[in-house]
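Its first residue numbered 1, the sequence shown is counted upward by one per residue in full-length UniProt numbering. Cβ coordinates follow ideal geometry from the N, Cα and C atoms, glycine included. Working notes for the structure below.
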Amino acid sequence: MHGTMHIISAAVSMLPLWSTVAVCFSLYLVSLAVYRLYFSSLAGFPGPKLAALTQWYEFYWNVIKSGQFTFHIQDLHDRYGPIVRVNPWELHIRDPHFYESIYSQDGKRDKTFSQLRWADIPDSAISTIDHDLHRIRRAAQNPYFSKRQILNFSPYIQSRVDKLLNRLSSEYSNRKKILYLGQAYSSFSCDIVMEYCFAKGHDFLSSPDFFSPFPEAIRATQCTGHVLMHFPWILPVLKALPYFLLPTGMMAMVDFKRDMEDQIQQLIDDHNRGCKDTTHPIVFQELLDSNLPQEDKNLGRLRNEGVVLVSAGLDTVRATLEIGTFHLLQQPRIMQKLREELLTVYPDPGDPPSLPVLEQLPYLTAVIYESLRLSYGTASRLPRVPQHALAYGPYIIPARTPLSMTSYCVHHDETLFPNSHRFTPERWLDNPKVRAPHTLTSGPAQSSSPLGQSTIGIGPRTSTDSPLTRFLVSFTKGSRSCLGKNLAWAELYIALAAIVRRCELSLFETELADVGFVHDMFVPHPRSGSKRLRVFVESVAS
Numbered sequence: 001m002h003g004t005m006h007i008i009s010a011a012v013s014m015l016p017l018w019s020t021v022a023v024c025f026s027l028y029l030v031s032l033a034v035y036r037l038y039f040s041s042l043a044g045f046p047g048p049k050l051a052a053l054t055q056w057y058e059f060y061w062n063v064i065k066s067g068q069f070t071f072h073i074q075d076l077h078d079r080y081g082p083i084v085r086v087n088p089w090e091l092h093i094r095d096p097h098f099y100e101s102i103y104s105q106d107g108k109r110d111k112t113f114s115q116l117r118w119a120d121i122p123d124s125a126i127s128t129i130d131h132d133l134h135r136i137r138r139a140a141q142n143p144y145f146s147k148r149q150i151l152n153f154s155p156y157i158q159s160r161v162d163k164l165l166n167r168l169s170s171e172y173s174n175r176k177k178i179l180y181l182g183q184a185y186s187s188f189s190c191d192i193v194m195e196y197c198f199a200k201g202h203d204f205l206s207s208p209d210f211f212s213p214f215p216e217a218i219r220a221t222q223c224t225g226h227v228l229m230h231f232p233w234i235l236p237v238l239k240a241l242p243y244f245l246l247p248t249g250m251m252a253m254v255d256f257k258r259d260m261e262d263q264i265q266q267l268i269d270d271h272n273r274g275c276k277d278t279t280h281p282i283v284f285q286e287l288l289d290s291n292l293p294q295e296d297k298n299l300g301r302l303r304n305e306g307v308v309l310v311s312a313g314l315d316t317v318r319a320t321l322e323i324g325t326f327h328l329l330q331q332p333r334i335m336q337k338l339r340e341e342l343l344t345v346y347p348d349p350g351d352p353p354s355l356p357v358l359e360q361l362p363y364l365t366a367v368i369y370e371s372l373r374l375s376y377g378t379a380s381r382l383p384r385v386p387q388h389a390l391a392y393g394p395y396i397i398p399a400r401t402p403l404s405m406t407s408y409c410v411h412h413d414e415t416l417f418p419n420s421h422r423f424t425p426e427r428w429l430d431n432p433k434v435r436a437p438h439t440l441t442s443g444p445a446q447s448s449s450p451l452g453q454s455t456i457g458i459g460p461r462t463s464t465d466s467p468l469t470r471f472l473v474s475f476t477k478g479s480r481s482c483l484g485k486n487l488a489w490a491e492l493y494i495a496l497a498a499i500v501r502r503c504e505l506s507l508f509e510t511e512l513a514d515v516g517f518v519h520d521m522f523v524p525h526p527r528s529g530s531k532r533l534r535v536f537v538e539s540v541a542s
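Printed below as a string of structure tokens:
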């Protein structure tokens with residue numbers, strides 16, 4: 001009894017302390033809310049008040065609603081206009097003519113700290129926050145992804161396409177055997193990027209049912225991205241667990257990273273022994289010979305670069321081929337028109353034309369453009385942090401404010417792409433132009449903001465019309481645009497030309513939601529439970 005009374009007495013004596021803590025915390029929350037709503041430098045920008053107050057707004061749309069915030073942002077723009085505050089610190093803009101002002105080739109653009117921390121690839125070029133450090137890391141890789149280097153590598157791409165079609169001919173043709181073509185495209189792209197980066201592909205095109213574990217690992221990581229972005233402490237907790245206790249998806253990613261590490265360690269060992277005997281430059285072997293600082297050549301950082309290059313190279317090509325093939329099979333008229341064009345340079349199915357010849361075909365190029373437009377590249381926002389204040393219409397955007405746009409918003413701008421959800425390659429023919437807007441800003445190009453900051457007013461860069469291709473942003477733009485876009489274009493030209501010229505395919509239980517953009521998991525994901533693109537192979541010309 002005495003002990004019980006002592007506990008009660010102690011609890012009562014603690015009440016003032018807990019009350020004080022509760023009151024202080026409540027005052028803090030109220031003060032923070034008042035500041036964010038009325039005194040923040042972004043307080044005057046339109047948008048929902050709840051988004052201005054807290055990131056729980058985004059949490060709801062991306063975690064609870066499973067990757068729907070990108071679509072909701074479209075609705076917010078319909079309600080609030082072209083510039084919207086989407087969280088306490090960030091503005092999103094829906095104006096294609098402003099895209100190159102955010103994703104600039106010339107001005108300094110940092111990234112935000114939270115942008116890719118969920119992916120656990122610190123110190124990779126894509127995760128580098130500082131603009132100048134990113135430029136150093138990116139410059140070391142740029143030469144190996146030039147058009148000339150990719151052209152020299154294109155015979156290997158053709159050899160992988162030939163291997164894919166040989167398997168389709170021997171195992172699937174006229175057999176009513178279901179082909180998981182999206183899976184085959186993943187293995188095709190993975191083999192290519194692994195060979196180019198490490199000179200050691202895994203030959204996933206030979207695996208049963210074209211299965212590759214890497215796409216599954218990448219997909220599993222993407223599906224956890226929204227949770228890890230809001231709760232970053234979960235990642236170190238998971239990494240501290242023994243391997244056998246990890247969730248299945250994380251096990252796959254650990255295996256993927258170990259493979260990257262093994263590949264790079266082998267290249268480091270070869271480099272130290274002076275071995276360099278390959279038919280093409282190996283990206284990571286060349287990085288070891290580059291003028292990067294020595295601390296940027298350590299195994300951990302290079303492993304993370306490997307994860308980025310393989311992941312990015314695999315996703316973009318697979319998604320573009322998948323969406324393009326689906327629409328071609330859905331619209332026989334487009335398929336027939338493309339096949340007729342290919343026959344002019346590809347009469348013998350056993351003698352494919354070179355990459356430069358394919359690049360000159362206008363309708364094939366238009367089909368690839370349209371496939372890229374509707375596969376989007378990166379789905380999520382990619383915030384950039386300008387060093388200077390920017391003027392947009394009546395608004396002065398303070399310096400160091402994260403600004404973002406999304407490819408989904410640009411690619412579905414009806415003023416640029418009428419009937420934007422329809423697959424229409426003809427929209428890209430004959431070098432179409434987009435009329436320049438009359439004005440995007442008010443005030444002079446150089447002005448001073450009410451905050452005393454120097455600003456750069458952004459308006460149309462020229463009074464002339466712009467090519468429509470300027471508004472294809474699947475690879476983003478500026479100094480942080482996709483490193484491997486030339487490699488991706490080569491894969492798309494060679495693979496799509498061969499598939500269309502040589503294969504007769506028919507869809508099997510595949511709808512647009514099985515290959516299209518339904519969930520934003522950093523990249524577009526189809527509907528839950530989708531088996532992706534499945535087809536029957538009716539015949540393969542040889």
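For residue i: DSSP bridge partner residues
i: residue 543; result: With the chain covering only 1 through 542, there is no way to say anything about residue 543.
i: C503; result: V540
i: R534; result: Y180
i: H92; result: V84, S404
i: S466; result: V434
i: R384; result: L403
Integer-rounded CB distance, given that residue j should sit under 8 Å from residue i
i: Y376; j: F517; result: 6 Å
i: L287; j: L302; result: 7 Å
i: E504; j: S539; result: 5 Å
i: V227; j: V63; result: 6 Å
i: V161; j: I494; result: 6 Å
Buried versus exposed call for residue i [16 or more other C-beta atoms within 10 Å across all chains shown]
i: F395; result: Note on identity: in this sequence residue 395 is Tyr, with Phe being the wrong assignment. Y395 comes out buried.
i: Q446; result: Note on Q446: pLDDT 37, under 50, position unreliable in the model; the coordinate value appears next. Answer is exposed; the Cβ neighbour count stays below 16.
i: N152; result: exposed
i: S407; result: buried
i: G44; result: exposed
i: I456; result: Because the pLDDT at I456 is just 46, under 50, the model does not fix this residue reliably, and the value given afterwards should be weighed accordingly. It is buried - the Cβ of I456 has at least 16 other Cβ atoms within 10 Å.
i: W89; result: buried
i: K111; result: buried
i: G209; result: One point to set straight first is that residue 209 is Asp, not Gly, in the sequence displayed. The residue is exposed, with fewer than 16 neighbouring Cβ atoms inside 10 Å.
i: F471; result: buried
i: A513; result: exposed
i: D520; result: buried
Proximity winner among the options, relative to residue i (alpha-carbon distances)
i: C409; options: L76, P46, A140, T20; result: L76
i: E526; options: G393, L472, A319, Q387; result: Correcting the residue identity first, residue 526 is Pro in this sequence and not Glu. Closest option to P526, Cα to Cα, is A319.
i: T510; options: A497, E504, K531; result: K531
i: A119; options: S159, E305, R148; result: E305
i: T476; options: P383, I157, L512; result: P383
i: Y80; options: P122, D203, R94; result: R94
i: K433; options: T424, H421, T415; result: T415
i: V385; options: D132, V34, P48; result: D132
i: Q183; options: R175, S206, K176; result: S206
i: S212; options: C482, I192, H226; result: I192
i: G478; options: K297, P82, S104; result: S104
i: R381; options: V21, P16, E58; result: E58
i: N486; options: L42, F145, W428; result: F145
i: F423; options: L181, W233, A366, A488; result: A366
i: residue 544; options: F188, K147, H72, D430; result: Because the chain in this structure spans residues 1 to 542, residue 544 falls outside the shown range and cannot be described.
i: Y369; options: S528, D78, F417; result: F417
i: P437; options: Y28, H97, P48; result: H97
Secondary structure of residue i, DSSP reduced to three states
i: D110; result: strand
i: A389; result: strand
i: H77; result: helix
i: S207; result: coil
i: Y180; result: strand
i: K433; result: strand
i: H327; result: helix
i: S311; result: helix
i: I397; result: strand
i: P16; result: helix
i: R258; result: helix
i: V421; result: At residue 421 the sequence reads His, which differs from the Val that was named. H421: coil per DSSP, three-state reduction.
i: P155; result: helix
i: Y346; result: coil
i: S474; result: coil
i: G529; result: coil
i: F45; result: coil
i: R175; result: coil
i: L416; result: coil
i: residue 543; result: The structure shown does not extend to residue 543, since the chain spans only 1 to 542, so no value can be given for it.
i: G274; result: coil
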